[in-house]
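Working notes, structure below.
There are 2 protein chains.
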Amino acid sequence: MKIALAQLDYHIGNFEANLHKMLLAVEQARALGADLVCFGELAVCGYPPRDFLEFDDFIRRCYASVEALREASTGIGIVVGAPARNPVVEGKDLHNSAYFLYDGAILGVQHKALLPTYDIFDEYRYFEPGREFRTVAFKGKKIALSVCEDIWNVGNNNPLYTICPLDEMLHEHPDFILNLSASPFSYTQAGERIHVVQSNVARYGIPLFYTNHVGAQTDLIFDGGSLVVSPDGLVFDEMPYFEEGLRVYDLEAVQQGGQANEQPKDKIKLIHDALVVGIRDYFRKLGFKHAILGLSGGIDSAVTCVLAVEALGAENVRVLLLPSQFSSDHSVDDARQLAENLGIRYDILPILPMFEAFETALLTQFAGQPFNVTEENIQARIRGTLLMAMSNKFGNILLNTTNKSEMAVGYGTLYGDMCGGISVLGDVYKTDVYALARYLNRDAGVIPENSIEKPPSAELRPNQKDSDSLPDYDILDAVLYQYIECRQGPRELVQMGFDEALVARVLRLVNINEFKREQAAPVLRVSRKSFGMGRRMPIVGKYLS
Amino acid sequence: MKIALAQLDYHIGNFEANLHKMLLAVEQARALGADLVCFGELAVCGYPPRDFLEFDDFIRRCYASVEALREASTGIGIVVGAPARNPVVEGKDLHNSAYFLYDGAILGVQHKALLPTYDIFDEYRYFEPGREFRTVAFKGKKIALSVCEDIWNVGNNNPLYTICPLDEMLHEHPDFILNLSASPFSYTQAGERIHVVQSNVARYGIPLFYTNHVGAQTDLIFDGGSLVVSPDGLVFDEMPYFEEGLRVYDLEAVQQGGQANEQPKDKIKLIHDALVVGIRDYFRKLGFKHAILGLSGGIDSAVTCVLAVEALGAENVRVLLLPSQFSSDHSVDDARQLAENLGIRYDILPILPMFEAFETALLTQFAGQPFNVTEENIQARIRGTLLMAMSNKFGNILLNTTNKSEMAVGYGTLYGDMCGGISVLGDVYKTDVYALARYLNRDAGVIPENSIEKPPSAELRPNQKDSDSLPDYDILDAVLYQYIECRQGPRELVQMGFDEALVARVLRLVNINEFKREQAAPVLRVSRKSFGMGRRMPIVGKYLS
């Protein structure tokens, strides 16, 4: 038996495009002699469809796509993820299901039993868990169908869940396992995924074929890396990261095993590739081509800019240099040098005239008040307004350049440097931004060394440095990582050896700045805990604040 | 037996304040001769605590508060909501529980079984459902304890759930039901709540005592309205809306019934009172006193301003009048008149000088381009920058004045008139804003009639009217209500008689403007479907767009 895995970039709600893409893959699989072709979880509508699932019209269109695939299944099995209406009145209205279609018939439908409802996942908001588990008989084989999380409770070792769906099919002696996933990228996810798939294979002693989505849906990036693991526990094949593709596997060869084709998983390269796909898909799926951003001469905007050029092409990226009276000459020089290295269009618009107009307008109101963060913010907001003006006039989307460390402690101006359609580095700590810069500079050294080497500064008042008001990024990032990614509280952090006053100060900064993040641009997610839908915090709370 | 219901305004994460408030209520109840005092769901930590629940430190503090209440329970029963650790490894780590404390002992703990996971609720993200149901024996009575949603599946008639917790206690023949709730306000909620409580009483034939939270937690407003329903089905008492309070009821009198004390439920008055509490609590819980907003002379900012004065006092509200070259004289006059009627401080800052500075800065880039929405947005962003400058300099929180109709169709400038710490009218359709204005004018006529009567206009280009680019608000709001609140799709809307092209246009506007709402201020929720956490939509989706 020949099994094709199709690793595709779906688009939420774009039924025509998703169906068209799958029908092409069916033809390709057929031409390659496949008996069976597998798509991803909720492939007909894209993942995550969120509250679109609450609209009957949306569900009708999902069913229409399944129908079209059923009609296309002459002589080839098609396994596809789609929502299915729950016929039982009690419980949620839908299941998250895998359909097995063949020769115009539905050979089986398996409903997902383990519904992730944590971090960015809201599946129990929409879906009733499946409670029946049956293999699908196809061409003399018994196939155990499963949807994503269903393989993540191997032998009930995951404390989140109380049942293990594949255990329930064991008595039918399946020949192999198919898993349809939509598993969002984080820089540790590909490794964890392989571990889980291998654990399943070790438990059941049969091959597991795993398909994933690829491409980005706003904040969530899917890395592909679809997997075939042989009964010997080796990774028979791992499909490429961040690329669409279709590969056909011979079941007998997979059963035989002996191949080990796992890809390398370098954290910074993975983050880099994810961000490039994240930018590219955000633009493509919204129907935009052109990006704009402000170049300060600092490292964050430099890294964002190089990533944008890789994603969209130099001809589609335009930058503004927006020096204030406090900007150093070398900042403008570094920014200009970067733009020239990249071959992108740049304009220099000093913000002083507008700043003076604001100062004059507020002269009476601000009489006797010292220069403070207010004036810093006015400068940042003038820049935001200029960038958004270019965005509005020419249809460029503004890229936000704020990094995760700044977002965490609120070191940024709401409606100023926090503007933008998508935040490129909002899930990358400052220390990792440096690593990304080095990675981007590995060949040509496109980012001026000075942008990397100089002490970080917002340059919004004379001789300002980030270190005036923030701890060193090495320490700050270590505390933030433990608090945000690992959910360690004040007591645990002090036990780890961090200074108690520092911990209290950092945690307080994170908590009191929730109001800023509430209004931040969506953040390309590359870690297992990113700001946005995956981290839901009260704003008026008073805890560690 | 005497039962006290305490209807309190808790503060998320503010353990000291919540405990202090509850201990005072215990003393008060004791002084009034109560045998028992009931607080709300998750009262120790406030509701909704969201991802704070994932921190061990937070849970430890919850336990410490329960301990303190246990120690205070000498001679008086205390029923309080708090998270409880799930001792079983499998499943979520916590339960959402009601503790029954008395004389230093824990007489019973009932875990919530029905975990709302829809709209603004994420309870299955954190909690494992309770699966055991036992009454609590107290002073010769058997009490059926329940937490909020547990009474919302009367006799299994709610399709969302498969069990009815109180049915499971029936065989123990409870004497009365206690329900601890945190039930957020919408203008239909108080009526639905009474209906549900009465349905429970009708089914079980025993009294039901229901306590609710009061006050606001950012976007969510709790209206109180704690309830006592007698076996005769009458509302023995309904505690006031939007006020803290403690009342003691004699069980025998309640059993006897015959009292009907339901309060009136006028939609516009309820919305008005909710918004005033929403503003007041947002400021109080963040530790701020002073608000600022821009007055345009239009109805939205006028209504927001009057509500702010009611919530915070005239001495704490300051406004800016920010006329552009396109503002009509009467707009400035109307705004000034309102400020004078309210006795609040106002400043007039014409924005033209800053607009000219931006035009000059962009002269080269914009050469040959016609005046369009870009220039409108620049004006809106200058206003946003001026308001935020005053906010930053003087510690005033900026109130956002955008209404729900505008938010829905994206008729507003991101980082411009969409700025603000909290959106006051973001869940109030334009047609209801008019009704609110009439309500606010019912006595003194504080809002100039002209602000209410004139055709709505953004005044960002010559002779602009909202009706140039939007359908009439009567029709627009009707379509939006069906699409947003009632989740009707394009087919259903056309079947209702709305024009097909209009429906397609409005739904498209709503969907393509998701990116703006993603970065909007939190919205005070007054309907059953508000923008924010309760409505989760993809941004890069392509559906009806």
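Sequences listed follow chains B and P, in order.
Residue numbers for the first sequence follow our numbering, so the first one is 123 and each next one is one higher.
Residue numbers for the second sequence follow our numbering, so the first one is 123 and each next one is one higher.
The beta-carbon is built from N, C-alpha and C at its ideal position, and this holds for glycine as well.
Please read all numbers here as calculations on a predicted model, not as lab measurements.
> Hey, is the region 285 to 300 of chain B in contact with the region 258 to 267 of chain B, meaning 3+ C-beta pairs nearer than 8 Å?
Replying inline: yes
> On the three-pair Cβ rule with 8 Å, is the region 647 to 657 of chain B touching the region 307 to 323 of chain P?
Replying inline: no
> Any chance the region 319 to 337 of chain P sits against the region 522 to 537 of chain P, with 3 or more Cβ pairs inside 8 Å?
Replying inline: no
> So which of P/Asp173, P/Glu360, P/Thr284, P/Gln129 has the shortest CA-CA distance to B/Cys608?
Replying inline: P/Asp173
>> If contact is defined by three or more beta carbon pairs under 8 Å, each pair taking one atom from either stretch, is the region 140 to 151 of chain B in contact with the region 411 to 430 of chain B?
In response: no
> Where B/Met361 and B/Phe222 are concerned, what is the direct C-alpha to C-alpha distance, given to the nearest angstrom?
Replying inline: 22 Å
> Below 7 Å between beta carbons: does that hold for P/Leu508 and P/Leu471?
Replying inline: yes
> With DSSP run on the structure shown, which of helix, strand or coil describes P/Asp173?
Replying inline: helix
> Which residue or residues does DSSP assign as beta-bridge partners of P/Pro306?
Replying inline: P/Phe344
> Given P/Ser579, which residues of its chain have a CB within under 7 Å of its CB, disregarding the five upstream and five downstream residues?
Replying inline: Gln586, Lys587, Asp588
> What number of angstroms, rounded off, separates the C-alpha of B/His295 from the C-alpha of B/Thr257?
Replying inline: 9 Å
> Got a sec, what are the start and stop residues for the beta strand (DSSP E) P/Arg369 sits in?
Replying inline: 367 to 372
> Leaving out the 5 sequence neighbours to the left and right, which residues in its chain are closer than 7 Å to B/Asn572 when beta-carbon positions are compared?
Replying inline: His452, Asp456
> Between the region 130 to 155 of chain P and chain B, which residues of the former have a C-beta closer than 7 Å to a C-beta of the latter?
Replying inline: His133, Ile134, Gly135, Asn136
> With a cut-off of 8 Å, do at least 3 Cβ pairs link the region 634 to 646 of chain B to the region 548 to 555 of chain B?
Replying inline: yes
>> Quick check: is the beta carbon of P/Pro660 nearer than 7 Å to any beta carbon in chain B?
In response: yes
>> DSSP three-state label for P/Thr196, please.
In response: coil
>> Could you check whether P/Ala128 and P/Leu368 sit closer than 7 Å to each other, using their CB atoms as the reference points?
In response: yes
> B/Phe405 by DSSP, collapsed to three states: which one?
Replying inline: helix
>> On the DSSP bridge list, what partners appear for B/Pro205?
In response: B/Asn218
>> What residue range does the alpha helix (DSSP H) around P/Cys427 cover?
In response: 421 to 434
> What is the DSSP secondary structure of B/Glu360, reduced to helix, strand or coil?
Replying inline: strand
>> Using 8 Å for Cβ pairs, my map puts B/Ala204 next to B/Cys184. What's the rounded Cβ distance?
In response: 5 Å
>> If you reduce the DSSP assignment to three classes, tell me which class P/Asp179 lands in.
In response: helix
> Could you give the C-beta distance for P/Leu592 and P/Tyr533, rounded to a whole number, given that I count them as a contact under 8 Å?
Replying inline: 6 Å
> Can you tell me whether P/Ile228 is buried or exposed, with buried defined as 16 or more other CB within 10 angstroms of its CB?
Replying inline: exposed
> Can you give the Cα-Cα distance for B/Gln501 and B/Ile473, rounded to whole angstroms?
Replying inline: 7 Å
> At which residues does the beta strand (DSSP E) containing B/Ala151 begin and terminate?
Replying inline: Counting along the chain, B/Ala151 falls outside any beta strand (DSSP E), though it belongs to the alpha helix (DSSP H) covering 137 to 153.
> With C-beta atoms as the reference, is B/Phe448 less than 7 Å away from B/Pro584?
Replying inline: yes
> Leaving out five residues before and five after P/Ile504 in sequence, what residues of the same chain have Cβ atoms less than 7 Å from its Cβ?
Replying inline: Ile473, Met476, Phe477
> If we ignore side chains and look at the alpha-carbon of each, how far apart do P/Gly346 and P/Phe364 end up?
Replying inline: 6 Å
>> Any C-beta of chain P within less than 9 Å: which residues of the region 163 to 195 of chain B qualify?
In response: Cys167, Gly168, Pro170, Pro171, Arg172, Asp173, Phe174, Glu176, Phe177, Asp178, Asp179, Phe180, Arg182, Arg183
> Which residue's Cα is closest to the Cα of B/Asn633: B/Gly663, B/Asp621, B/Met618?
Replying inline: B/Gly663
>> Can you tell me where the beta strand (DSSP E) holding P/Thr333 begins and where it ends?
In response: 330 to 333
> Taking DSSP as the reference, what is the three-state secondary structure of B/Gln586?
Replying inline: coil
> So, is B/Lys389 buried or exposed, given that buried needs 16 or more other C-beta atoms within 10 angstroms?
Replying inline: exposed
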